[in-house]
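Have a look at the structure below before the remarks.
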Amino acid sequence: MKKVLSLLITLIMVLSLAACSNSSGGDGGEEKSSEPAESEESKGSDDQYEIAVVVKVVGIDYFSVFEDGVKKFAEDHNVNAYVTGPSTADAAEQVNIIEDLINSGVDAICVVPNDATVLESVLQSAQDKGIVVVTTESPDQVGADYDVEMIINDAFAELVAEDAAKSCGGSGEYALFVGSLTVPLHNAWADHVEEYLADKYPDMKLCTDRIACGEDSALARETTLDLLKTYSDLNCFICFGSQGPIGAAEALTEQNRIGEVTVVGNIIPSEGSTYLESGAITTGYLWNPADSGYASCYIAQHLLDGKEIDESFSIEDMGDISLEDKTLWIDNPITITADNWEEFGF
Amino acid sequence: MNNKTAKNKFFKSYEFMLLCVVIVLTIVLAAATGGKSIKPDNIIDMLTSYSAYGVIAVGCLFVIISGGIDISFMAVAAVAQYLMALYMLNMGGNFVVIYIISIGAGAGLGLINAVLVNRLKVPTLIITIATMNIIYGLMMRFTSGVRLHGFPGWFSQKTEASLLFVSVGTLAAALLTAWFILKRTKMGRRVYAVGGNIEAAKRCGVSVLSVHLFVYGFAGAAAGTGALIKCYLSQQASIEALYGDEMDVLAMVVLGGVSLSGGKGSVFGTLLGIVLVALLSNGMILVGVSSYWKDLVIGAVILISFCITGWRVLAAKKQERKEGAAE
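Quick mapping for you: the protein sequence lines, in order, are chains A and D.
For what it's worth, this note's numbering labels the leading residue of the first sequence as 127, then goes sequentially.
For what it's worth, this note's numbering labels the leading residue of the second sequence as 249, then goes sequentially.
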């Protein structure tokens, strides 16, 4: 019995080794022809580009909609584009996944980084292997060919800050939530919100340093309750990270303080709908994640085809594009209110 | 005489030291926040927010006392939460039904862990890492990670009473049940026996399988209950809400003085562990510690308080030995 088993195991190991060497042999062949023009030729019409999209975390609605955009692109352009990512928003996990993708020999990797600096070296090693790297939500990413943003950061932060200030009357204290203290985008917005409000609405004061609870609604609820007890003039929550407004709104609902306190920030329209309608969330802001997924793949394919990206580059059905060094900015935010949340379909 | 030695023993125990740490911390926080931290509404908020992980910690306590370690509990909790939420969204139901569903689902998955632990004789850490990944993998496959929300009115409209009952009430019930089982039932003694010395327990005629089934089943049921509380508080059921917080829960149990090699640990200690973690997290915001410093401060406070505790416990033991020698 034991002999049979050990024989079987050995057989499996040998077979899997053979399978591995086969695929890596294929990779080697492709690596040699890493010049874009050549690889284009080597890909016949039935041999599709393989574009892997690594998101921050699989399993949340936001990236499900993101995936819809990637799928739409795959259908429209006949490429093999798919989404993968860690099950928690962990940069180290993303590094592992990207290393695996490099070894499996994909043509392009699109990434939504959890931590820009942690990913630098692995993205550079992907580029060294001739893989096209496109990032999103991480401007000026080292190791990326291009980064694409679906909003213009300063304009977006100003939009949120201006609405928040108007809603709470331009005075009092405000709190800032971010997903984590190392998410580049959230912190860029938070920085700009602080600057903008200090400049335009000097009567609005930041109650305490930004707090990292924007991706966990239960933690945001708890934090909101604690902040409301601590700062009596607190009348505004500006939340970056899709769970921040939900948690804050839930806390206000519990405390019967809807209407007294302004809550603005990133929300997934369907998730925030009940709070938008009750008034616990004042307004939500976002861009369409499906557009992000679509645009990342679009740029990846554009580069794989060996084409240049310059000022004349454009993507169908998307807003104005401005090119700044290696970052493409597309002005495309959405404002979500009680009246329009149903239109977005996610 | 007997009563006096029991009292002396308590004053030298780890739990007593921990109680002192908690009291000192409460006083320091109260002083630093001008009394805000000890106002009743803050204490209630704090207990409410930490009741979910508290209940889950009580379940972990059983597993660790029995000499094992379970890290699949958050995955188990996620399944229970999802099933409960799906039932509510599709069938309506009421509180009794969703308690039964989440406890039942949790206990069921716990029993699978128990059978694997009992039959495979490999470290429980390895088994529960495997089951954790299998459960999350299946959840991800079948739910594609969609968050559930928009529950019926009886669940989504919280009143002060219902909030207190579902969170703190459930935590109190879990603590009392755990205390009763560990101190007043044969099964409780067997759990300690298996954790202390599994061979000796076997030779005394303890059925290790029944202890494992009970312990992992209980831990699963506790995880399911905790998931229900968390869902009630945040009004959402999602996979990633629970994932990744395993260490927070284990920290509560371990700070509560449980021995990781099994056979030692108490419900009172775990309660203090829960309170300690809650106090620290709540206190950081009330005192206004910048979030950039938060982790550092929490780590430092834990380290310092346990240096003192450890030193005191060691000193007490030394003294005991001296007294013993003198006699």
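Here a beta-carbon is modelled for each residue, glycine too, at the ideal position from N, C-alpha and C.
Interfacial residues, the segment 473 to 488 of chain D to chain A, with Cβ spacing under 8 Å: If the cut-off is 8 Å between Cβ atoms, the segment 473 to 488 of chain D has Lys478, Leu481, Ser482, Gln483, Gln484, Ser486, Ile487, Glu488 near chain A.
Stretch pair the segment 548 to 564 of chain D + the segment 289 to 302 of chain D: three plus CB contacts closer than 8 Å: In this structure the segment 548 to 564 of chain D does not touch the segment 289 to 302 of chain D; the number of beta carbon pairs closer than 8 Å is below three.
Going by the DSSP bridge assignment, what does Glu450/A pair with across the sheet? Its beta-bridge partners are Thr453/A.
Threshold first: 3 residues or longer. Then list the beta strand (DSSP E) segments lying entirely within the segment 272 to 357 of chain A, N to C. As far as the segment 272 to 357 of chain A is concerned, its whole beta strand (DSSP E) runs of at least 3 residues are 272 to 275, 298 to 304, 330 to 332.
Do Gly340/A and Phe303/A have their C-beta atoms closer together than 7 Å? Yes.
So if I threshold CB-CB distances at 7 Å, which residues from the segment 518 to 542 of chain D count as touching chain A? The residues in question are Asn530, Ile533, Leu534, Gly536, Ser538, Ser539, Tyr540.
Top-ranked residue by Cα proximity to Val528/D, from Thr372/D, Cys268/D, Ala326/D, Leu277/D: Here residue 528/D is Leu; the residue named in the question, Val, does not match the sequence. If we check each option's Cα against that of Leu528/D, Leu277/D comes out closest.
Count the other CB atoms, across all protein chains shown, that sit within 10 Å of the CB of Tyr440/D; report buried if there are 16 or more and exposed otherwise. Flag for Tyr440/D reads buried.
Those runs of the beta strand (DSSP E) which lie wholly inside the segment 509 to 555 of chain D and span at least 3 residues: With a minimum length of 3 residues, no continuous beta strand (DSSP E) run stays inside the segment 509 to 555 of chain D.
So, with DSSP's three-state summary, where would you put Ala371/A? Correcting the residue type first, residue 371/A is Pro in the shown sequence and not Ala. Note: Pro371/A maps to helix in three-state DSSP.
Buried or exposed for Lys478/D, going by 16 or more other Cβ atoms inside 10 Å? By the 16-neighbour rule on beta-carbons within 10 angstroms, Lys478/D is buried.
Does the beta carbon of Ser343/A sit closer than 7 Å to a beta carbon anywhere in chain D? True, the Cβ-Cβ gap to chain D drops below 7 Å.
Return the residue from the list Ser410/D, Val515/D, Gly468/D that minimises the CA-CA distance to Leu359/D. When each option's Cα is compared against that of Leu359/D, the closest is Gly468/D.
What residue does the beta strand (DSSP E) around Phe343/D start on, and which one ends it? Taken as a continuous stretch (DSSP letters only), Phe343/D belongs to no beta strand (DSSP E), being part of the alpha helix (DSSP H) at 343 to 368.
Suppose the cutoff is 6 Å on Cβ atoms and the five residues either side in sequence are ignored; what does the same chain contact list for Glu246/A look like? Scanning its chain for C-beta atoms nearer than 6 Å, with the 5 sequence neighbours on each side dropped, one finds around Glu246/A the residues Val268, Gly269, in chain order.
Beta-bridge partners of Ile462/A, as assigned by DSSP: The partner list for Ile462/A (beta bridge, DSSP) reads Gly410/A.
Among the candidates Thr409/A, Leu402/A, Gly367/A, Lys433/A, whose CA atom is the shortest distance from the CA of Ile186/A? Closest option to Ile186/A, Cα to Cα, is Gly367/A.
Does Asp293/D get closer than 7 Å to chain A when you measure Cβ to Cβ? With 7 Å as the cut-off, Asp293/D counts as an interface residue toward chain A.
In chain order, what residues of the same chain have a beta carbon less than 8 Å from the beta carbon of Arg598/D, not counting five sequence neighbours either side? Any question about residue 598/D goes unanswered here, given that chain D covers just 249 to 575.
Taking three-plus beta-carbon pairs below 8 Å as touching, is the segment 341 to 354 of chain A in contact with the segment 367 to 386 of chain A? Segments in contact, yes.
Note down the Cα distance separating Ile383/D from Gly517/D, rounded to an integer number of angstroms. The straight-line gap from Cα to Cα measures roughly 30 Å.
Can you give the Cα-Cα distance for Asp273/A and Asp457/A, rounded to whole angstroms? Distance from the CA atom of Asp273/A to the CA atom of Asp457/A, rounded to whole angstroms, is 14 Å.
Could you tell me whether any Cβ in chain D is nearer than 7 Å to the Cβ of Ile337/A? Yes, its Cβ sits closer than 7 Å to a Cβ of chain D.
In the DSSP assignment, find the unbroken alpha helix (DSSP H) run with Leu295/D in it and report its ends. Going by DSSP, Leu295/D is part of the alpha helix (DSSP H) stretching over 288 to 313.
Since I believe Glu176/A is in contact with Asn204/A (beta carbons under 8 Å), could you give me their beta-carbon distance rounded to a whole number of angstroms? Actually they are not in contact, since the Cβ atoms of Asn204/A and Glu176/A sit about 12 Å apart, beyond 8 Å.
Using the Cα positions of Met322/D and Asp493/D, report the straight-line distance between them to the nearest angstrom. A straight line joining the alpha-carbon of Met322/D with that of Asp493/D spans about 8 Å.
Check whether the Cβ of Thr388/A lies closer than 7 Å to any Cβ atom in chain D. Cβ-Cβ to chain D under 7 Å: no for Thr388/A.
Once you ignore the five residues that flank Cys146/A on each side, which residues in its own chain have a CB closer than 7 Å to its CB? The predicted model places Cys146/A with a pLDDT of 46, which falls under 50 and marks its position as unreliable; any figure quoted below should be read in that light. Taking C-beta separations shorter than 7 Å and ignoring five residues to either side along the sequence, Cys146/A has no partners in its chain.
Express the C-alpha separation of Ser482/D and Cys308/D in angstroms, rounding to a whole number. Spanning the two alpha carbons is a distance of roughly 23 Å.
Proximity test, Cβ basis, 7 Å: Glu380/A and chain D: At least one chain D Cβ lies under 7 Å of Glu380/A.
Residues that Thr400/A contacts on chain D, provided the C-beta gap is smaller than 9 Å: Neighbours of Thr400/A on chain D, chain order: His397, Gly398, Ser404, Gln483.
Which residue comes first and which comes last in the beta strand (DSSP E) that contains Gly391/A? Per DSSP, Gly391/A belongs to the beta strand (DSSP E) from 388 to 392.
Anything in the segment 252 to 274 of chain D with a Cβ closer than 9 Å to a Cβ of chain A? List those residues in chain order, please. Contact residues of the segment 252 to 274 of chain D toward chain A are absent (C-beta to C-beta distance below 9 Å).
Expressed to the nearest angstrom, what Euclidean distance is found between the alpha-carbon atoms of Arg437/D and Lys287/D? Going from the Cα of Arg437/D to the Cα of Lys287/D covers about 39 Å.
Is Val238/A closer than 7 Å to Thr262/A when the C-beta atoms are compared? Yes, they are a contact pair.
With Leu520/D and Leu331/D assumed to form a contact (beta carbons below 8 Å), what rounded beta-carbon distance in angstroms separates them? The beta carbons of Leu520/D and Leu331/D sit about 32 Å from each other, so the pair does not count as a contact at 8 Å.
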